[in-house]
Amino acid sequence: MTQPAPASPLFWRFNPEVFRLIGIKCKDCGHISYPRTMICHECGSQNLKEYKLPKTGVIHTFCVNWAPPPTFEPPIMPVMVDLEGGGRYQGLMTEFGAPEDVKIGSKVEMVLRKLTTDRGLNIYGYKFRLVEE
Amino acid sequence: MRGKVAVIGVGMIKFGELFEKSLENMIQEAYLNCLKSVDKGIHPKEIKAAWFGQWSGGFIGQGTQSGHSLTSMIGNLDIPCTRIENACATGSDTFRHACLGVASGVYDVVLALGAEKMRDKPSAESLGGAGGGGSAEIGIHPAWMIGQGGPAIQAMHATRQMYELGYSMEDFARVAVKNHHNGTFCPYAHYQFEITIERVLNSPVICWPLHLFDCCPQTDGAAAVIVCRADLAKKYTDRPVYVVGNNVGTDHIQFWDRNSFVEQRSTIRAARGAFEMAGIKPQDIDFAEVHDCFTNTELMNVEDLGFIRKGEAAKRLKDGEFDLHGWLPINPSGGLKAHGHPIAATGLGQIFEVFTQLREEAGKRQVKLKNGIGLQHNVGGPAFGVSVVNILSRSL
Chain A
413 MTQPAPASPL FWRFNPEVFR LIGIKCKDCG HISYPRTMIC HECGSQNLKE
463 YKLPKTGVIH TFCVNWAPPP TFEPPIMPVM VDLEGGGRYQ GLMTEFGAPE
513 DVKIGSKVEM VLRKLTTDRG LNIYGYKFRL VEE
Chain B
-17 MRGKVAVIGV GMIKFGELFE KSLENMIQEA YLNCLKSVDK GIHPKEIKAA
33 WFGQWSGGFI GQGTQSGHSL TSMIGNLDIP CTRIENACAT GSDTFRHACL
83 GVASGVYDVV LALGAEKMRD KPSAESLGGA GGGGSAEIGI HPAWMIGQGG
133 PAIQAMHATR QMYELGYSME DFARVAVKNH HNGTFCPYAH YQFEITIERV
183 LNSPVICWPL HLFDCCPQTD GAAAVIVCRA DLAKKYTDRP VYVVGNNVGT
233 DHIQFWDRNS FVEQRSTIRA ARGAFEMAGI KPQDIDFAEV HDCFTNTELM
283 NVEDLGFIRK GEAAKRLKDG EFDLHGWLPI NPSGGLKAHG HPIAATGLGQ
333 IFEVFTQLRE EAGKRQVKLK NGIGLQHNVG GPAFGVSVVN ILSRSL
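Top to bottom, those sequences are chains A and B. Anchor point for the first sequence: position 122 equals 534 in this note's numbering, and the numbering is continuous, going up by one each time. Anchor point for the second sequence: position 157 equals 139 in this note's numbering, and the numbering is continuous, going up by one each time.
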């Protein structure tokens, strides 16, 4: 039995990075990186500005994972999302009917959901769901 | 490379579910096979340094291995030895470090050996260790909490290959058909049976669009290579094979930092540097052992290595261009698809195959040589951001 922890280190990191979706945009090469970083992952520049990731976008690619690790109920659908206005975010689809409803180009939005547990504490973050058109 | 390097011996064991063999058993067997393969013989004490490739131990809770795991198991405690881990390219990078050790002028004769126990743990745990979203990643980033191991990462490439390049699941399955066929001629392969497109497509879906037989198996194995100064090679064999180029290429570790999902810049970068070092072009290569951990990955690799243009792989495969007797045989050994993927042994096993092919000792799977140059490639790690390319040649 895992002992509950008095606090999860994730909570310290989660507030700006996960809940408020703050990343960076490189003023030199334009690369958007998430979460916040002091050095651009693409070109190494330190000339950066904060960039808040938008919560909507379209699916760039995905798969339907029928053999996820034991803590997940199959199928799970990881999606790579091109966010509206720039940047990418990767997450799991939630509240989809059939896997066939999810396609490249489908419009999606972020919703706050439980992601996992860390030593007895619930960890929340964003998942994606299809936007009705 | 400034100092010239030659391969004088290679040894491996039959890859498979080796429940009866320990890590030590496998290491010793591969090592002894390697010593035996040196045509004019070699005394173990002529080996002056070693590099030990090992991935799984620490990752899947079997105890972290270090340099002395190798030296003590081969009873050669007077030599330096460092353990190398560089994701799925661990084996090929272990080889590369051994080559650099010789090229630097510090050592004359060295050993590169990789061994991996993947099957002592159930697949889920073994894959979980490979980035499947297990607890190891928690604390790094929430996106790691989405159950994403190798199959999911490659499936997300495959979906995009279908969308952007028009590839189909049949195209992916054709890679399995070719490599399984080649594997029937290799006594070291884990899988030694033919497969059909229908059987691939009727196998369970692991990560759509990839089926069970699009994935290489989880496998135990070990492989070893001895390299030495090129000017000393003839003391050990009249038919050495030379290392003319190698490189490591990297790309983002965060999957979402990546720009394209139909190419792997790690491979592109590794290849560029290796070809530059060798002073040759992709078209000079006679055959290649590439990283087909998943079928779609092989299609991406042959494009990223510069053999053909992006988007051409599926058609050229269908036309038989990558078959054993095509103009560019890809994975004549049967690849990871047939051998399985004991991480640190994989790359060294590929070097074994390139060496064997260049010496025209591959029997029924022997490819036709034109320039006498072969290429070995691995790619992997989180977001497939690490790649190694080694280029071997019959002449310097």
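A virtual CB, placed ideally from N, CA and C, is assigned to each residue, including glycine.
Opposite ALA206 (chain B) in the DSSP bridges: which residues? B:GLY(-7), B:LEU95
Any C-beta of chain A sitting closer than 8 Å to the C-beta of ILE188 (chain B)? yes
Write down every uninterrupted run of the alpha helix (DSSP H) in the region 231 to 303 of chain B whose length is 4 residues or greater and which is fully enclosed by it, in chain order. 247 to 260, 277 to 286, 295 to 300
Chain A residues whose Cβ lies nearer than 8 Å to that of ARG142 (chain B): HIS472, THR473, ILE516
Pull out every residue of the region 449 to 481 of chain A whose Cβ sits closer than 8 Å to any Cβ of chain B, in chain order. HIS453, GLU454, HIS472, THR473, PHE474, CYS475, VAL476, ASN477, TRP478, ALA479, PRO480, PRO481
Three-way DSSP call (helix, strand, coil) for GLU2 (chain B) in this model: coil
Residue environment, VAL523 (chain A), which counts as buried when at least 16 other CB atoms sit within 10 Å: exposed
Can you tell me whether LEU465 (chain A) is helix, strand or coil according to DSSP? coil
Helix, strand or coil, according to DSSP, for GLY114 (chain B) in the structure here? Caution applies to GLY114 (chain B), whose pLDDT of 41 falls short of 50 and renders its modelled position unreliable; the model cannot decide the point.
ARG541 (chain A): contacting residues in chain B (beta-carbon distance under 9 Å): Residues of chain B passing the Cβ test: none, with the nearest at roughly 15 Å.
Threshold first: 4 residues or longer. Then list the alpha helix (DSSP H) segments lying entirely within the region 128 to 210 of chain B, N to C. 132 to 147, 151 to 165, 179 to 184
Looking at the strands, I want to know which residues DSSP matches up with PHE508 (chain A). In DSSP, PHE508 (chain A) forms no bridge with anything.
Are the beta-carbon atoms belonging to LEU192 (chain B) and GLN136 (chain B) less than 8 Å from one another? yes
So for GLY57 (chain B), helix, strand or coil by DSSP? coil
Check whether the Cβ of LYS300 (chain B) sits closer than 7 Å to any heavy atom of the ligand FAD, and report yes or no. You won't find the ligand FAD in this model; it holds no ligand whatsoever.
8 Å Cβ shell around TRP478 (chain A) - same chain, five flanking residues per side excluded: PRO486, PRO487
Please state if the CB of ALA80 (chain B) and the CB of VAL379 (chain B) are separated by a distance shorter than 8 Å. Outside the displayed range of chain B (-17 to 378) lies residue 379 (chain B), so it cannot be described from this structure.
Residue-chain proximity (HIS234 (chain B), chain A), Cβ-Cβ < 8 Å: yes
I'd like to know whether the C-beta of MET522 (chain A) is nearer than 8 Å to at least one C-beta of chain B. no
Contact set between the region 477 to 508 of chain A and chain B, restricted to residues whose Cβ is under 7 Å from the partner: ASN477, TRP478, ALA479, PRO480, PRO481, PRO482, PHE484, ILE488, PRO490, MET492, ARG500, TYR501, GLN502, GLY503, LEU504
In whole angstroms, give me the CA-to-CA distance for GLY(-9) (chain B) and ALA212 (chain B). 13 Å
If you compare alpha carbons, which of A:LYS526, A:CYS438, A:SER445 is closest to LEU495 (chain A)? A:SER445
Output, in chain order, the set of chain A residues within a Cβ distance shorter than 7 Å of TYR145 (chain B). ILE516
Using a Cβ-Cβ cut-off of 7 Å (strictly less than) and excluding sequence neighbours within five positions of LEU5 (chain B), which residues of its own chain qualify? ALA97, LYS99
So which residues on chain A does PRO133 (chain B) lean against when the C-beta distance must stay under 9 Å? CYS475, ASN477, ALA479
Nearest chain A C-beta to ASP239 (chain B) closer than 8 Å, yes or no? yes
Taking MET138 (chain B) as the query, report the chain A residues whose CB atoms sit under 8 Å from its CB, ordered along the chain. THR473, PHE474, CYS475, PRO490, MET492
Would GLN10 (chain B) count as contacting chain A if we go by Cβ distances under 8 Å? no
With a cut-off of 8 Å on the beta carbons, I'd call PRO447 (chain A) and GLU429 (chain A) a contact; round off their distance for me. 4 Å
In whole angstroms, give me the CA-to-CA distance for LYS18 (chain B) and LYS350 (chain B). 26 Å
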